[in-house]
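Numbering (our numbering), first residue to last: 13 to 384. Every residue gets a Cβ at the ideal spot worked out from N, C-alpha and C, and that includes glycine.
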Ligand SMILES: Cc1cc2nc3c(=O)[nH]c(=O)nc-3n(C[C@H](O)[C@H](O)[C@H](O)COP(=O)(O)OP(=O)(O)OC[C@H]3O[C@@H](n4cnc5c(N)ncnc54)[C@H](O)[C@@H]3O)c2cc1C
């Protein structure tokens, strides 16, 4: 049976980033993903400063920029009667944000992981975990696309396998926090839409976002409380929600070409799971999930990869994975309030300020960690 130092289930932002960092330290790393290389996934893709900082430090940001991902130099918060625009001030070596399509970002990370020596197997579904005689998690078993059985051992098995993580389930990770707020999102890619940076729109019971991305396209999402998403005529619903929330974005939507295809997220409440146990660890959405309105999941996944790799290569354990527990919990609370849509606009603005403060604290922790 093949043996590795680390086996990672999931080859997207959390898994590929962790594999890259661990392999760069000379560890033998296997990554199993049941999906295809470079496949898209259900997600918008606005990176926050912590995520851009890590990509830059790892030498992956250049690849994202070379793929034509436009720089985002300001964020506009639109509250209807009032709007606030905040410039992205250069700090920590980051002078712009980016929102690469997942087909760009996940590939760039997977390629960097393979270049570092990680063995990535696509089309490999993990169906269970191995345990040693003491009950410690000791590897994976699964099947490839042809149905052939596959088994491998490792000192550490990492779940980077998203919200329905089989590693979390099989290892028996407990749920530490479960959110009450739950938003639904419909999004698509517009052409010929004038967009100067990120734009976030808020109205009572509604949200929307404008995210410039690759190939001169702009991702535009509309959000509502999950129980209020009417799915009958999705296209009509999408345009009605956008009209209600953005007022047509100053006629810009009317002048642009709308998406041919729409993507729907029906919502699920945020959660925090136990992050590690004997022989296993969880990173990215497998370990914690914040409602997409936070636009923070990818940044969190990259942060988790950095902490996991740093911890395991230095100590051979994953006991310090809880290093960000306090800020993670603060962010969880505020995102849950935003995703619950139980706010009026003054309350929402207070929540956004709290989220911004938590993100600044997290950024300081990330930059201090990387400089250690
Ligand atoms: C609608 C929506 C919009 C979002 N918008 C943003 C945003 O703007 N900005 C942001 O930062 N975040 C956003 N997020 C969150 C972001 O998408 C996630 O946080 C991020 O994808 C987590 O990455 P991950 O690597 O942990 O997991 P995933 O991206 O879920 O990847 C998990 C991988 O594991 C593989 N896998 C699962 N089970 C198995 C198995 N048994 N065997 C083998 N492979 C397996 C899957 O094939 C998959 O490739 C959004 C999410 C949603 C749903």
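For residue 197 and residue 220, the gap between their C-alpha atoms comes out near 9 Å. Taking the CA atoms as reference points, residue 234 sits about 44 Å from residue 16. Classified as buried, residue 136 has 16 or more neighbouring CB atoms from the shown chains inside 10 Å of its CB.
A residue is called buried once 16 or more other Cβ atoms fall within 10 Å of its Cβ, and residue 380, having fewer, is exposed. Taking the Cβ of residue 138 as the reference point, at least one heavy atom of ligand 1 falls within a distance shorter than 7 Å.
Boundaries around residue 42 are those of the beta strand (DSSP E), 41 to 45, since no alpha helix (DSSP H) includes it.
Taking the Cβ of residue 169 as the reference point, every heavy atom of ligand 1 lies at 7 Å or farther away. The Cβ atoms of residue 133 and residue 43 lie closer than 8 Å to each other.
Using a cutoff of 7 Å, the CB of residue 334 does not count as near ligand 1, since none of the ligand's heavy atoms is closer than that. Under the three-state reduction of DSSP, residue 219 is assigned to strand. The DSSP assignment places 246 to 258, 264 to 267 as complete runs of the alpha helix (DSSP H) inside the region 223 to 283, in order along the chain (cut-off: 4 residues).
Proximity of the beta carbon of residue 304 to ligand 1 is indicated: a heavy atom of the ligand is located closer than 7 Å. By the 16-neighbour rule on beta-carbons within 10 angstroms, residue 94 is exposed. In the structure shown, residue 27 falls within a helical segment according to DSSP collapsed to helix, strand and coil. Contact check for residue 291 and residue 148: beta-carbon distance about 4 Å, within the 8 Å limit, so the pair qualifies. Among the bridge pairs identified by DSSP, residue 21 is matched with 44, 171. Distance from the Cα of residue 364 is smallest, within the candidate group 344, 23, 293, for 344.
Between residue 25 and residue 34, the beta carbon gap of about 15 Å keeps them out of contact (Cβ cut-off 8 Å). With contacts defined by Cβ atoms closer than 8 Å, residue 52 and residue 114 form a contacting pair. Rounded to the nearest whole angstrom, the CA to CA distance from residue 85 to residue 322 is 31 Å.
Of the candidates 38, 174, 106, the residue whose Cα lies closest to the Cα of residue 138 is 174.
Contact check between the region 200 to 209 and the region 49 to 69: fewer than three CB pairs, one atom from each, fall below 8 Å, which does not count as touching. If you draw a straight line from the Cα of residue 121 to the Cα of residue 278, it comes to about 28 Å. By the CB criterion at 8 Å, residue 282 and residue 314 fall outside the cutoff. Ligand 1 never approaches residue 98 closely enough for any of its heavy atoms to be under 7 Å from the residue's Cβ. Not a single heavy atom of ligand 1 lies less than 7 Å from the C-beta of residue 135. Under the three-state reduction of DSSP, residue 313 is assigned to helix. Assigned with DSSP and collapsed to three states, residue 63 falls in helix.
Taking C-beta separations shorter than 6 Å and ignoring five residues to either side along the sequence, the partners of residue 144 in its chain run 150, following chain order.
If you check the C-beta of residue 21 against ligand 1, you find a heavy atom less than 7 Å away.
Your pair residue 100 and residue 107 checks out as a contact, with CB atoms roughly 7 Å apart and the cut at 8 Å. Taking one beta carbon from each stretch, the region 356 to 374 and the region 208 to 228 have 3 or more pairs nearer than 8 Å; the two touch. Remark: the shortest separation between the CB of residue 321 and any heavy atom of ligand 1 does not fall under 7 Å.
Residue range 114 to 127 is occupied by the alpha helix (DSSP H) that includes residue 115. For residue 352, the closest C-alpha among the options 240, 156, 259, 269 is that of 240. Looking at the DSSP output, residue 346 shares a beta bridge with no other residue.
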